[in-house]
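Visitor: At position 127 of the sequence shown (counting the first as 1) the number is 145 in this note's numbering, and the numbers step up by one without a gap.
Virtual Cβ for every residue (Gly too), placed ideally from N, Cα, C.
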Amino acid sequence: MYKAFLIKYGEIGVKGKNRYLFEDALVRQIRFALEKVEGEFVVSKENGRIYATAQTEFDYDEVVEALKTVFGIIGICPVVQIEDNGFDDLAEHVIKYIDEAYPDKNVTFKVDARRARKNYPMNSMEINMEMGGRILDAFPEMKVDVHKPQVLLQIEIRKHINIYSIEIPGPGGMPIGTAGKAMLLLSGGIDSPVAGYMVAKRGVQIEATYFHAPPYTSERAKQKVVDLARLVSKYAGPITLNVVNFTDIQLAIYEKCPHDELTIIMRRYMMKIAEELGKESKCMGLVTGESIGQVASQTMQSLYCTNEVCTMPVYRPVIGFDKQEIIDISEKIGTYETSIQPFEDCCTIFVAKHPVTKPNLNIIKQHEHNLDDVIDELMKTAIETTEKIVVK
């Protein structure tokens, strides 16, 4: 029955003269999403509407699931599109539509007609009343309810005529690539994939950095992060994953710095390296999955010490969330089951039994001087030997 999808957007509609840039970005993301499904589609803009029109047979559920991953979409409406051959022809198509879409006719309904083409010979109210009468004549068991109908039958009079009654919620947000680019510090945990998803939802293109510590972390731990990046890319588009060998830096910190400060000092060097990689990729900020008070490195004092090494803004989308709220999002986007696989990452090794929770920045800097003879070369090597993996 359906050969096209009317795609509704939200915030884009209130943009000014540059609105077309956001619309074009959304069209590109829709095309990219539909390339992954069976069937061919033409995606087009028309007077504030975006349509995905099938050129071949397709799997309805597969297409809907693909569109539900595209940020910027607030509604997905499968539509019947017809040419304007007069009201009687329209009424015939509406009756056929209801007969196929609602086999059980014991439902309440309301007709909501809108005319973008004002030269149509009937106004919206006349269409509503006349079409409602035709429907009742065809299906006497149906009842009109203008306040809370079970079926809201929408008719749009445009260049062609759209008939639809279903609107599937989209993810909202803004199209990927409309808000710059950021570097995500991606671990194998629950929080950072969610942080990446959330910042991508605001239109940010994501690159990611993962700190690997062989032989202390396994290849399975690395593959877990690659898998997480791939799951996030379902929403965020292709992601370049930078795999940094962090072993030598960790060993140097372990040998030369107080053990209760290991986590903070390691985090500071992770941020430095991620920022350098971000600069190379023209990123405008770092993104982490930190949440206040969740672990020792995420107290206000610890975050203050971590932030101090960065010149880029650091975005923490989940900073005010409870753990369960983060888990709920991870389950929704499909990353949770991968995140809980029991492979250690570099943040879970070389950890003190009693890490400092209220670090003093001046003392941390003083102890970092113990690394002065080796750290520049170690950081240079880590950056130069970074492995880049593109996932999509």
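For the pair the stretch 122-139 and the stretch 158-177, tell me if three or more CB-CB distances fall below 8 Å.
Guide: These segments touch.
Visitor: Please classify Ile381 as buried or exposed, where buried requires at least 16 neighbouring CB atoms within 10 angstroms.
Guide: Ile381 comes out exposed.
Visitor: I'd like the span of the beta strand (DSSP E) that includes Ile91, first residue to last.
Guide: Start and end: Ile91 to Ile100.
Visitor: Please state whether the Cβ-Cβ distance between Gly93 and Gln47 is less than 8 Å.
Guide: Cβ distance not < 8 Å, so Gly93 and Gln47 don't count as in contact.
Visitor: Is the stretch 46-62 close to the stretch 198-215, with three or more CB pairs under 8 Å?
Guide: As far as the Cβ criterion goes, the stretch 46-62 does not touch the stretch 198-215, which means the pair count is below three.
Visitor: Excluding the 5 residues preceding and the 5 following Lys26 in the sequence, name in chain order all residues of the same chain whose CB lies nearer than 6 Å to its CB.
Guide: These residues qualify, in order along the chain: Ile92 and Gly93.
Visitor: Taking its Cβ as the centre, do 16 or more other Cβ atoms sit within 10 Å of Lys297, making it buried, or is it exposed?
Guide: Classification of Lys297: exposed, given that the 10 Å Cβ count is below 16.
Visitor: Measure the C-alpha to C-alpha separation of Thr265 and Ile282 and round it to an integer number of angstroms.
Guide: Computed Cα separation, rounded: 16 Å.
Visitor: Could you tell me whether the stretch 326-342 touches the stretch 202-215, using the rule of 3 or more Cβ pairs below 8 Å?
Guide: Contact between the stretch 326-342 and the stretch 202-215 is present, because at least three Cβ pairs lie under 8 Å.
Visitor: Can you grab the Cα-Cα spacing for the pair Leu304 / Pro232, in whole Å?
Guide: Distance between the alpha carbons of Leu304 and Pro232: 25 Å.
Visitor: May I ask you to verify whether the stretch 171-180 touches the stretch 98-115, counting CB pairs closer than 8 Å and requiring at least 3?
Guide: The answer is yes - the stretch 98-115 touches the stretch 171-180, with three or more Cβ pairs under 8 Å.
Visitor: Count the other CB atoms within 10 Å of the CB of Glu273; is the residue buried (16 or more) or exposed (fewer)?
Guide: Its Cβ having fewer than 16 others within 10 Å, Glu273 is exposed.
Visitor: Please report the straight-line C-alpha distance between Arg49 and Asp107, rounded to a whole angstrom.
Guide: Taking the straight line joining both Cα atoms gives about 32 Å.
Visitor: Just to confirm my understanding: we take Ile224, look at its own chain, exclude 5 residues before and 5 after, and list those with CB closer than 6 Å. What are they?
Guide: The answer, listed in chain order, is Leu202, Gly214, Ala218, Ala254 and Ile257.
Visitor: Alpha carbon to alpha carbon, how far is Asn325 from Arg286?
Guide: Looking at the two C-alpha atoms, the distance is approximately 8 Å.
Visitor: Can you tell me which of the three DSSP states Arg176 falls into?
Guide: Arg176: coil per DSSP, three-state reduction.
Visitor: So, using beta-carbon positions, are Tyr69 and Phe40 closer together than 8 Å?
Guide: Not closer than 8 Å, so no.
Visitor: Which two residues bound the contiguous alpha helix (DSSP H) that contains Leu321?
Guide: Run containing Leu321: Met318 to Asn325, per the alpha helix (DSSP H) assignment.
Visitor: Rounding to the nearest angstrom, what Cα-Cα distance links Pro189 and Pro276 in this structure?
Guide: The straight-line gap from Cα to Cα measures roughly 46 Å.
Visitor: Which two residues bound the contiguous alpha helix (DSSP H) that contains Ile113?
Guide: Note, Ile113: alpha helix (DSSP H), Phe105 to Ala119.
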